[in-house]
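So for the sequence shown, the numbering used here puts the first residue at 8; every next one is plus one.
Glycine is no exception: its CB is placed at the ideal position from the N, C-alpha and C atoms.
This one's a predicted model, so the numbers in the text were calculated from it and none came from an experiment.
These notes are about the structure you will find just below.
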Amino acid sequence: LQVNRNLLKLEFQTQPLELNWQPGFYEKILEFIRRDQVVLAPPSAGGDRFDVLLDLTKQAAAAYGDSAKQAAAQVFELLPDVMELTVLIASPIFQVPVQGQGVSKIS
């Protein structure tokens with residue numbers, strides 16, 4: 008690594024790209040987006056189990072907090088100065104289910 012001007016280059020090529028949407032895909036995404044509250048713990052997790060997990064998390068933070076902060080600082084020192092992202096999608100093919108009709112293929 009250089010002192011400055013480090014470059015991270017990512018390149019994705021798909022030829023052709025074929026996407027098969029499953030029935031109900033859009034509904035699940037829209038349901039997630041429309042949620043008006045964030046759930047921190049699943050409803051099935053009992054209060055006792057959540058408290059135990061919270062206590063374990065506090066113990067781990069107390070035991071390893073300083074070394075975790077040091078590791079995070081080292082990671083931030085190595086972050087690239089410039090990122091380049093290239094995405095090449097050639098000949099995309101979308102297969103979308105149409106209720107009662109089968110599949111619509113768009114290319």
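For the alpha helix (DSSP H) containing residue i, list its first residue and its last residue.
{"i": "Gln37", "result": "Just to set this straight, residue 37 is Leu in the shown sequence, not Gln. Phe32 to Arg41 is the span of the alpha helix (DSSP H), which, as asked, contains Leu37."}
How about residue i and residue j: do their beta carbons lie closer than 7 Å?
{"i": "Pro23", "j": "Ser98", "result": "yes"}
Quick check: the Cα distance between residue i and residue j, rounded to an integer number of angstroms?
{"i": "Glu30", "j": "Glu38", "result": "A small fix is needed here, since residue 30 is Pro in this sequence, not Glu. Looking at the two C-alpha atoms, the distance is approximately 14 Å."}
{"i": "Lys16", "j": "Val89", "result": "8 Å"}
{"i": "Ala75", "j": "Ala68", "result": "8 Å"}
{"i": "Gln102", "j": "Glu84", "result": "44 Å"}
{"i": "Glu91", "j": "Thr21", "result": "17 Å"}
Taking residue i as part of the beta strand (DSSP E), name the residues at either end of that continuous run.
{"i": "Pro99", "result": "Note, Pro99: premise wrong, no beta strand (DSSP E); not H, not E."}
{"i": "Ser114", "result": "From DSSP, Ser114 is part of no beta strand (DSSP E); its letter is neither H nor E."}
{"i": "Asn27", "result": "Glu25 to Asn27"}
{"i": "Leu14", "result": "Leu14 to Thr21"}
Identify, in the order they occur along the chain, each residue of the same chain with its Cβ nearer than 6 Å to the Cβ of residue i, setting aside the five sequence neighbours on each side.
{"i": "Leu60", "result": "none"}
Can you list, in chain order, the residues of its chain with a C-beta nearer than 7 Å to that of residue i? Leave out the 5 residues immediately preceding and following it.
{"i": "Asn27", "result": "Gln102"}
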